[in-house]
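There are 2 protein chains.
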Amino acid sequence: MKHLYQRIRDDIEAKIMSGEWPPGHRVPFEHELMAKYGCSRMTVNKVLSTLAVNGLITRRRRAGSVVAEPSTRQAVLEIQDFAREAARTGTVYRFRILSRSIEPIDAAAAQRTGLPPGTEMLCVSTLHIMDDVPQAFEQRLINLATVPEADKEAFRDDPPGTWLLRRVPWTDAEHIVRAVNADASMAKRLQTQTGAACLVLERRTWQAGAFVTEARITYPGERHHLVGHFSPSFKGGTVGQAVP
Amino acid sequence: MKHLYQRIRDDIEAKIMSGEWPPGHRVPFEHELMAKYGCSRMTVNKVLSTLAVNGLITRRRRAGSVVAEPSTRQAVLEIQDFAREAARTGTVYRFRILSRSIEPIDAAAAQRTGLPPGTEMLCVSTLHIMDDVPQAFEQRLINLATVPEADKEAFRDDPPGTWLLRRVPWTDAEHIVRAVNADASMAKRLQTQTGAACLVLERRTWQAGAFVTEARITYPGERHHLVGHFSPSFKGGTVGQAVP
DNA sequence: CTCCCAATAATGTCTATACATAATCGGAAG
DNA sequence: CTTCCGATTATGTATAGACATTATTGGGAG
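If you're matching them up, the sequences are chains A and U in order. 476 is the number of the first residue of the first sequence in the numbering used here; add one for each residue after it. 476 is the number of the first residue of the second sequence in the numbering used here; add one for each residue after it.
#1: In whole angstroms, what is the alpha-carbon distance linking alanine 611 of chain A and glutamate 507 of chain U?
#2: Using CA atoms only, rank isn't needed, just tell me which of A:Lys521, A:Ile692 and A:Ser493 is closest to tyrosine 480 of chain A.
#3: Cβ of valine 608 of chain A less than 8 Å from any chain U Cβ?
#4: Does any residue of chain A have a CB that is nearer than 8 Å to the CB of asparagine 656 of chain U?
#5: Between which two residues does the alpha helix (DSSP H) harbouring phenylalanine 557 of chain U extend?
#6: If we define contact as Cβ-Cβ less than 8 Å, is methionine 661 of chain A a contact residue for chain U?
#7: Would you give the residue range spanned by the beta strand (DSSP E) that serine 515 of chain A belongs to?
#8: Isoleucine 572 of chain A versus chain U: which residues are under 9 Å apart at the beta carbon?
#9: Here's a check: name, in chain order, each residue in its chain whose Cβ is nearer than 6 Å to the Cβ of valine 599 of chain U, leaving out the five neighbours to either side.
#10: Measure the C-alpha to C-alpha separation of proline 498 of chain U and tryptophan 638 of chain U and round it to an integer number of angstroms.
#11: Might you give, ordered along the chain, the residues of its own chain that have their beta carbon closer than 8 Å to the beta carbon of alanine 659 of chain A, omitting 5 neighbours on each side?
#12: Tell me the rounded alpha-carbon separation between lysine 477 of chain U and valine 655 of chain A.
#13: Which chain A residues are close to cysteine 673 of chain U, counting only those with a beta carbon under 8 Å from its beta carbon?
#14: Under 8 Å, with one C-beta from each stretch per pair, do the stretch 556–567 of chain U and the stretch 579–590 of chain U reach the 3-pair mark?
#15: Is there a Cβ from chain A that is less than 8 Å from the Cβ of histidine 700 of chain U?
#16: Under 9 Å between beta-carbons, which chain U residues line up against methionine 492 of chain A? List them in chain order, please.
#17: What whole-angstrom Cβ distance do threonine 601 of chain U and glutamate 613 of chain U have, given they're in contact under 8 Å?
#18: Assign arginine 537 of chain A to one of two classes, buried (16 or more other C-beta atoms within 10 Å of its C-beta) or exposed (fewer than that).
#19: Quick check on glycine 565 of chain A: buried or exposed, where buried means 16 or more other Cβ atoms within 10 Å of its Cβ?
#20: List the endpoints of the continuous beta strand (DSSP E) containing methionine 596 of chain U.
#21: Hey, would you say leucine 531 of chain A sits closer than 8 Å to isoleucine 491 of chain A, going by beta carbons?
#22: In whole angstroms, give me the CA-to-CA distance for threonine 693 of chain U and arginine 563 of chain A.
#23: Taking Cβ-Cβ distances shorter than 8 Å, what residues in chain U pair up with glycine 696 of chain A?
#24: Considering Cα atoms alone, identify which of A:His699, A:Gln666, A:Arg642 and A:Val519 is closest to valine 608 of chain A.
#25: Determine the direct distance from the alpha carbon of arginine 664 of chain U to that of proline 579 of chain U, and round the result to whole angstroms.
#26: In whole angstroms, what separates the C-alpha of alanine 527 of chain U from that of isoleucine 651 of chain A?
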């Protein structure tokens, strides 16, 4: 015998997802569900407020609850960590630091990060290699004001992304995905052809409002794509991953 | 005075996100939090179980709760609806159906959708245009077994995606994002140049296990990118959108 | 010393109740 | 007829207590 909470929730979700209750349809009041399932109000309240948080219904005092308009479609993309992915698939991962310097940011970078122009940042370029084939080129800016210990780090054992993830928690991230044509130098680095379509993932992260890092990762298009899954109820299908 | 639930939750989230409680750190027991905040167990229990659902902590009976390992990074991408985006920005949106036919699917499509080869599907090609500039080319397969009424639909008022979204609820979706070079015919349709990098978004949706539709949407790379935001706690930064 | 079982400690679910808050409805006063 | 105010209704938050479930701990039997 399943728990009552799950049974009520499954029933209502099924009604909504099957289309039997279309958007705008009134959901039974809490006291009606109490009567139907013979339970207390706290139990049905927890069901309904959870559904509201997850966006399946909207609730208004006195007016009751109605099935929500189908939200704009979302996809949850899980960004791959190369080392972990390599361990999972049994391929050999390594990386090479191509450059490393401390430079003041230009106007465009200042705009993107919200920092004053001229702020000094650690700039690191990394090539990610699996089974001797270059898989991605990463250009990263690290805010030395937020992560001063990066100044002395050589990134010998771990690439900058992995190193940072273990050291600095983050509270907000912004992602941009684009398609660009590889220029000559990028093509050479990634062992592909000039003009080849590449996927560019830009990620900026902040910790409690303070800028942490910006990464621009370029994947050769014929070798990579991003995969994501989504179910409206967040019940388990919400994972996805970047697949080489 | 904020509600107690929010205060407790904010306190704990702050501790975790600031790094003061690193991954693996033990979270106070429910009875400790009861004592600290002078409230009942139901209140702290709701806080902790919500944090657990959102992945910030993991809970085990008898052992207590600990701060979770930072999950692999995720981005929530919100896929744009052209008509809605046009209404928001004040541009003129229109679309053109370039082709429409009923065809048996080939082996590759059967593999992707999980349907038997030879199943008849409605195939529709649509060009999305904003301010007279082509913005995206959409190739869509619609499962007539799941959506029989699509057979008689001419897609005069709404493009197939919008029409479907209003008619057929979906429970699961799969997204793939890739970068490809435009071939000659694609370049002509999108008024760009042969070889130009394009973002390709493939989406397949199911309703309770039954395949509904597959859409492959090609965006010229220089005109489009996808933007997403993410905060670990899902407290509000979870939205994002595709931006022309 | 090892194995097993009972006590214990923590979370998971549920109840019955209470008061607060917001929106709506209906009637009374103007 | 309109305006305003109270009554009503549904949800929002919180409490104290109960029993269930699960994992660990520790002690006793072999």
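Idealized CB from N, CA, C, for every residue including glycine.
Reading it off the structure:
#1: Spanning the two alpha carbons is a distance of roughly 48 Å.
#2: Here the closest residue by C-alpha is A:Lys521.
#3: No - not a single Cβ of chain U is within 8 Å of the one on valine 608 of chain A.
#4: Yes, because at least one Cβ of chain A sits closer than 8 Å to the Cβ of asparagine 656 of chain U.
#5: Where phenylalanine 557 of chain U is concerned, the enclosing alpha helix (DSSP H) stretches over 557–564.
#6: Put simply, the CB of methionine 661 of chain A is far from chain U, with every gap to its CB atoms at 8 Å or more.
#7: It is not in any beta strand (DSSP E) - serine 515 of chain A carries neither H nor E in the DSSP assignment.
#8: Correct list: empty, because the minimum Cβ distance to chain U is about 21 Å.
#9: The residues Arg575, Arg615 and Pro635, in chain order, have a CB closer than 6 Å to that of valine 599 of chain U in the same chain once the five nearest residues on each side in sequence are set aside.
#10: Approximately 46 Å, taken between the alpha carbons.
#11: Scanning its chain for C-beta atoms nearer than 8 Å, with the 5 sequence neighbours on each side dropped, one finds around alanine 659 of chain A the residues Thr669, in chain order.
#12: Their backbone Cα atoms lie some 48 Å apart in a straight line.
#13: By Cβ distance, chain A contributes Ala654 and Ala672.
#14: In short, these stretches do not touch, since the Cβ pair count stays below three.
#15: Yes, because at least one Cβ of chain A sits closer than 8 Å to the Cβ of histidine 700 of chain U.
#16: Those within 9 Å of methionine 492 of chain A in chain U are Pro644, Trp645, Thr646, Gln682 and Ala683.
#17: About 4 Å separates the two Cβ atoms, so the contact holds.
#18: Exposed, because fewer than 16 other Cβ atoms sit within 10 Å of the Cβ of arginine 537 of chain A.
#19: Result: exposed.
#20: For methionine 596 of chain U, the enclosing beta strand (DSSP E) stretches over residues 595–605.
#21: Against a cut-off of 8 Å, the Cβ pair of isoleucine 491 of chain A and leucine 531 of chain A comes out as a contact.
#22: Between threonine 693 of chain U and arginine 563 of chain A, the C-alpha separation is close to 32 Å.
#23: Result: Arg653, Ala654, Val655, Asn656 and Ala672.
#24: When only C-alpha atoms are compared, the closest one is A:Gln666.
#25: Using only the alpha carbons, I get a separation of about 25 Å.
#26: Note on geometry: alpha-carbon atoms of alanine 527 of chain U and isoleucine 651 of chain A lie some 28 Å from one another.
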